[in-house]
Amino acid sequence: MPYLVIEHLEEISEWLLLEYKHVAEWWGDKLIFTNVKPEEREVLAKIGSVITESITRLPFDRSKVIVLDLQAEEELKPEDIEEDTIIVVGGILGDAIPRGRTKKFITSKMEGVKVRHIGSVQYSIDGASIVAKLIAEGKRLEEIEYEDNPTIKLDEFSEITLHYAVPKLNGKLLLTPGLIELQKKELGYYDEDEGEDLGDLFTFE
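Going by full-length UniProt numbering, the residue at position 19 of the sequence shown is 19; the numbering climbs one at a time, nothing skipped.
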């Protein structure tokens, strides 16, 4: 199975850790974090392998490296991926309007690597990692379902819109586990008796 490298580019937050843990559920011991500060090492080492150096400076065989970049010209295909392939995802919490940070911080600094996109939509870190895993397992990009900017009900009266695409499996959103609870906490309330069974709408895996 290929490796999944997350080039860590954000300050650690609850939201970021939820996404990272979700990636680990899909990639297991093949998950590696790079560009990790010494003070962040202990936290991230509980989720995956940790390397202090940036992926852009590590002496990997760059012919085996694939950077996922929204601005890439070619899409990621199963035949791009071999057992020793290293797939790189930017550890970036996306903006509503993408700013090309993967290209700025990773792609532009890694001559000789393959650069691929996974569609025209912007995914979260865990979403992109899940799509990459599904493609590594043989699915083609056009076979992978997703919902762009999904609206999530928090309770009978409140909802939030996620400004990125979320992959789907068997018709259900692969939403970041714990995300709804985190949003409720950040909005200052937690409804313990949810009027709707969110498990009917989302798959948490």
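By construction, the Cβ of each residue, glycine as well, lies at the ideal position given by its N, Cα and C atoms. All of these numbers come straight from a predicted model, not from anything done at the bench.
Using the Cα positions of residue i and residue j, report the straight-line distance between them to the nearest angstrom.
i              : j              : result
alanine 24     : alanine 128    : 13 Å
glutamate 19   : leucine 179    : 9 Å
glutamate 186  : aspartate 61   : 43 Å
valine 121     : tyrosine 164   : 7 Å
leucine 182    : lysine 153     : 13 Å
aspartate 148  : valine 166     : 6 Å
lysine 168     : isoleucine 144 : 7 Å
lysine 103     : glutamine 71   : 7 Å
alanine 132    : tryptophan 26  : 10 Å
glutamate 142  : proline 59     : 34 Å
glutamate 73   : glutamate 14   : 33 Å
asparagine 170 : proline 38     : 40 Å
lysine 64      : isoleucine 32  : 15 Å
aspartate 155  : tyrosine 123   : 25 Å
lysine 21      : lysine 184     : 19 Å
glutamate 137  : valine 88      : 17 Å
residue 249    : leucine 17     : The structure shown does not extend to residue 249, since the chain spans only 1 to 205, so no value can be given for it.
Mind checking whether residue i and residue j have CB atoms under 8 Å apart?
i             : j              : result
leucine 76    : isoleucine 86  : no
glutamate 7   : isoleucine 125 : no
isoleucine 92 : valine 43      : no
leucine 9     : asparagine 35  : yes
arginine 101  : glycine 112    : no
lysine 30     : leucine 4      : yes
proline 78    : isoleucine 160 : no
glutamate 82  : proline 2      : yes
threonine 176 : methionine 110 : no
leucine 173   : isoleucine 130 : no
State the DSSP-derived secondary structure class of residue i, mapped to helix, strand or coil.
i             : result
glutamate 181 : helix
aspartate 80  : helix
glutamate 7   : strand
residue 257   : No statement about residue 257 is possible, as the shown extent of the chain runs from 1 to 205 and does not include it.
Determine whether the Cβ of residue i lies closer than 8 Å to any Cβ atom of chain D.
i         : result
leucine 4 : This model lacks chain D altogether; it includes just one protein chain.
Mind checking whether the beta-carbon of residue i lies closer than 7 Å to any heavy atom of the ligand ADP?
i            : result
glutamate 75 : With respect to the ligand ADP, the structure offers nothing, as it holds no ligand at all.
Counting pairs of beta carbons, one from the stretch 46 to 57 and one from the stretch 111 to 120, are three or more of them closer than 8 Å?
-> As far as the Cβ criterion goes, the stretch 46 to 57 does not touch the stretch 111 to 120, which means the pair count is below three.
What beta strand (DSSP E) runs, 3 residues minimum, are completely inside the stretch 18 to 72?
-> For the stretch 18 to 72, whole beta strand (DSSP E) runs of length 3 or above, ordered along the chain, are 31 to 34, 65 to 68.
Please go through the stretch 101 to 142 and give each complete beta strand (DSSP E) segment of 3 or more residues, from N-terminal end onward.
-> Complete beta strand (DSSP E) runs here, min 3: 114 to 117.
Run through the stretch 145 to 172 for me and flag every whole beta strand (DSSP E) of 3 or more residues, listed as ranges in chain order.
-> You should have 145 to 148, 151 to 153, 159 to 161, 165 to 169.
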